[in-house]
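Presented below is the structure to which this report refers.
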């Protein structure tokens, strides 16, 4: 904080000094002072501009170095490294153009300052120069745009057949719900009208043709196989949310009533990242980056990237939502209910013990009482 105040104070002092010198130069001209004094003022202004240029570059470098700890972590997905490359390539091109333009701008201010007897030269046009500064930037920008479009098309293509893993992420105030398809690899339909306290995802158990929903399961954390393509199907239940997985460079809005998608391939397991970072507690996570209400800060969800074999074991150990909530079968049409009962047989309730006849039950009790009394009298 103190460093920031010091830097801002220095910039302010330089700006005030520059303005005072500029004002003094204008006053000298208006008063008709001698040309030597006006020339000295121009020299000081030109020198101050160069000082401002180098101080500005120094502050630029300082801000970059001091902010590096807040940059995104190293990418852990294939498209993430492509995205990072394009980002830094764009930054490099922009930096070269920025530095070149400003060096020339301030250099010209110094070189062509007021001099006694100097005369300006007039260039009506220069077609070669105009062609160069039009064509070269156009080619560079076209290459950057095309490269970005290509990567963007890869990650926003909706093609479940090309994905090794399909899963659905739904945002709601204030947590995430995640749904995986079962062994059939197909996510069942959902319907907002079926949402209740149990079925918060709104899986549709009222559609007789929706057999795919029977083996869907809702885990407490996201598991992804390393090196396998993943298709995220994203939606929101109430307000705008945003799916953000920083290590994978995944960011996509969750919009009510408008499904969105994201395709990516993680290529570093959780174990790999723990070894790489030296942090045994490291975990990937999903966060919300769209302010969605008072509980926005708590919308986090753990992500685990497994080796393919470990992922298969985890997947096989999951129980379907219907199996965990057999009461849902009562809501199903006959055809779907029969299919569900065949997949997950529900044991019939144990028969209740028959109620004993009151007279019969009372007889043994009375008999035991008589025997006890006789025993006492005999003693």
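In our numbering, the protein residues as written are 172 to 550.
Ideal Cβ placement from N, Cα and C applies to all residues, glycine included.
Please read all numbers here as calculations on a predicted model, not as lab measurements.
What did DSSP end up calling residue i once you bin it into helix, strand or coil?
i: residue 240; result: helix
i: residue 491; result: coil
i: residue 337; result: strand
i: residue 255; result: helix
i: residue 498; result: helix
i: residue 423; result: strand
i: residue 288; result: coil
i: residue 268; result: helix
i: residue 342; result: strand
i: residue 351; result: strand
Contact check, residue i vs residue j under 8 Å by CB: the rounded distance?
i: residue 400; j: residue 335; result: 5 Å
i: residue 435; j: residue 326; result: 6 Å
i: residue 415; j: residue 458; result: 5 Å
i: residue 185; j: residue 223; result: 6 Å
i: residue 383; j: residue 357; result: 4 Å
What residue from the options has the CA that sits closest to residue i's CA?
i: residue 217; options: 280, 502, 494 and 225; result: 280
i: residue 349; options: 190, 382, 470 and 233; result: 470
i: residue 268; options: 417, 181, 455 and 311; result: 311
i: residue 484; options: 227, 255, 409 and 396; result: 396
i: residue 352; options: 278, 342 and 381; result: 381
i: residue 465; options: 410, 472, 473 and 441; result: 410
i: residue 230; options: 513, 257 and 179; result: 179
i: residue 259; options: 315, 463, 446 and 417; result: 315
i: residue 322; options: 249, 289 and 357; result: 249
i: residue 330; options: 431, 418 and 354; result: 431
i: residue 215; options: 188, 264 and 386; result: 188
i: residue 495; options: 475, 505, 479 and 516; result: 516
Would you check whether the ligand FAD has a heavy atom nearer than 7 Å to the C-beta of residue i?
i: residue 514; result: Because no ligand of any kind appears in the structure shown, any question about the ligand FAD cannot be addressed here.
Would residue i be called buried (16 or more neighbouring beta carbons within 10 Å of its own) or exposed?
i: residue 451; result: exposed
i: residue 407; result: buried
i: residue 213; result: buried
i: residue 420; result: buried
i: residue 393; result: buried
i: residue 262; result: exposed
i: residue 439; result: buried
i: residue 437; result: buried
i: residue 493; result: buried
i: residue 307; result: exposed
i: residue 429; result: exposed
Residue ranges of each alpha helix (DSSP H) within the segment 426-479, 4 or longer: Counting only runs of 4+ residues, the alpha helix (DSSP H) found wholly inside the segment 426-479 occupies 441-448, in chain order.
Contiguous beta strand (DSSP E) assignments of at least 3 residues, all confined to the segment 359-418: Qualifying beta strand (DSSP E) stretches, in chain order: 393-396, 401-407 and 412-416.
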